[in-house]
Amino acid sequence: MTSALVLGAAGGVGRAVVARLAAGGTHVVAVDLDPAVRQLAGVHATLVGDAAEPGIIGRAFDAAPEPPAVLVHALLHELRVPLGELDSAQWHKVFHVGLVSAWQAAAELARRKGEGPASVVLVGSVHAHRAAPDCAPYAVAKAGLGALARAAAVEWGPRGVRTNVVEPGFVPVERNAHRWREPAARARVEADYPLGRLCSPEEIAEVVAFLAGPSSSYVNGVCLPVDGGYLAVLPEVTKGGAAGPRS
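Listed below in structure tokens is the structure:
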């Protein structure tokens, strides 16, 4: 049976990933700073700790019943500060949690993997491709995951390790509830998406499971948007419908 590590397992997307992998028979080791990770059902082991720290990552690998063949990195640190007002400590914090820890954990999997193939799935964001005010470090860290996946695909692909990125659009979870819990606010967000609705954490988990499993055995170094067509929209498209050509 396959073992998997899920980092950031208590968050909305991480929790859905844990449930999906466990339902498929995977031995899941779930890691999060939030003690709520202990309440996750169907997992092999849980660790409460900062998965951006190498010691915690090592303990998570040790807790698996066999060398993990799957790593899902769903960590992030988000702050909203105008670009000109950021200090270096804020940049470093966002990068350490959202990007450096992804490399640390993926490198540990590459070192510890068994004889068979392995898969690293990094949870990115459409912020890697679009800019929003006051979100620069988060966007840059998410864009960096794509570069990391490509580098890992080239260097670790010959060793049987695939590395890919899932890039969700807006997913309604507790940390962004102020933008979707009230119906009018939710409708404003939904208007940006061609499918006219938001993505559930479970839909992201399905794509993660695909990239983690044998059905995607020849997919490597890819950034896969799961955004309902959000990135396909031209600026000429307005909320609530398409505008005509401006020229």
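Heads up: the sequence shown at position 199 corresponds to 261 in this note's numbering, and the numbers run straight through without jumps. Here a beta-carbon is modelled for each residue, glycine too, at the ideal position from N, C-alpha and C.
What does the Cβ neighbour count give for residue i, buried or exposed, with the cut at 16 atoms within 10 Å?
| i | result |
| --- | --- |
| residue 276 | exposed |
| residue 101 | exposed |
| residue 292 | buried |
| residue 224 | buried |
| residue 196 | exposed |
| residue 176 | exposed |
| residue 94 | buried |
| residue 263 | buried |
| residue 297 | exposed |
Any idea what DSSP makes of residue i, helix, strand or coil?
| i | result |
| --- | --- |
| residue 79 | helix |
| residue 229 | strand |
| residue 315 | The question about residue 315 has no answer, for the chain in this structure spans 63 to 309. |
| residue 287 | strand |
| residue 126 | coil |
| residue 281 | coil |
| residue 181 | strand |
| residue 142 | coil |
| residue 150 | helix |
| residue 259 | coil |
| residue 92 | strand |
Rounded to whole angstroms, what's the CA-CA distance from residue i to residue j? Just pull it up for me.
| i | j | result |
| --- | --- | --- |
| residue 283 | residue 182 | 10 Å |
| residue 114 | residue 142 | 20 Å |
| residue 199 | residue 153 | 6 Å |
| residue 305 | residue 235 | Reliability fails at residue 305, whose pLDDT of 40 lies under 50, so the model's placement of it is uncertain and the value that follows must be treated cautiously. Cα to Cα, residue 305 sits roughly 31 Å from residue 235. |
| residue 309 | residue 279 | Note that residue 309 has pLDDT 33, beneath the 50 cutoff, so the model's placement of it is unreliable and no number is given. |
| residue 221 | residue 104 | 30 Å |
| residue 118 | residue 92 | 11 Å |
| residue 90 | residue 281 | 22 Å |
| residue 72 | residue 63 | 23 Å |
| residue 192 | residue 231 | 11 Å |
| residue 97 | residue 110 | 6 Å |
| residue 149 | residue 203 | 15 Å |
Just checking my contact of residue i with residue j at CB under 8 Å: how many whole Å lie between their CB atoms?
| i | j | result |
| --- | --- | --- |
| residue 229 | residue 190 | 6 Å |
| residue 256 | residue 208 | Actually they do not touch by this definition, with Cβ atoms about 23 Å apart. |
| residue 106 | residue 127 | 6 Å |
| residue 165 | residue 210 | 6 Å |
At a threshold of 7 Å, does residue i count as lining the ligand MG (C-beta to nearest heavy atom)?
| i | result |
| --- | --- |
| residue 298 | Annotation note on the ligand MG: not contained in the displayed structure, which lists no ligands. |
Using a C-beta cutoff of 8 Å, does residue i count as contacting chain B?
| i | result |
| --- | --- |
| residue 122 | As a matter of chain content, chain B is missing from the structure shown, which is built from one protein chain. |
Requested in this report: Check whether the segment 166-180 touches the segment 210-230, taking contact to mean three or more Cβ pairs, one atom from each stretch, closer than 8 Å.
Outcome: yes
Requested in this report: Would you check if the segment 118-133 and the segment 66-85 touch, i.e. whether three or more CB-CB distances between them fall below 8 Å?
Outcome: yes
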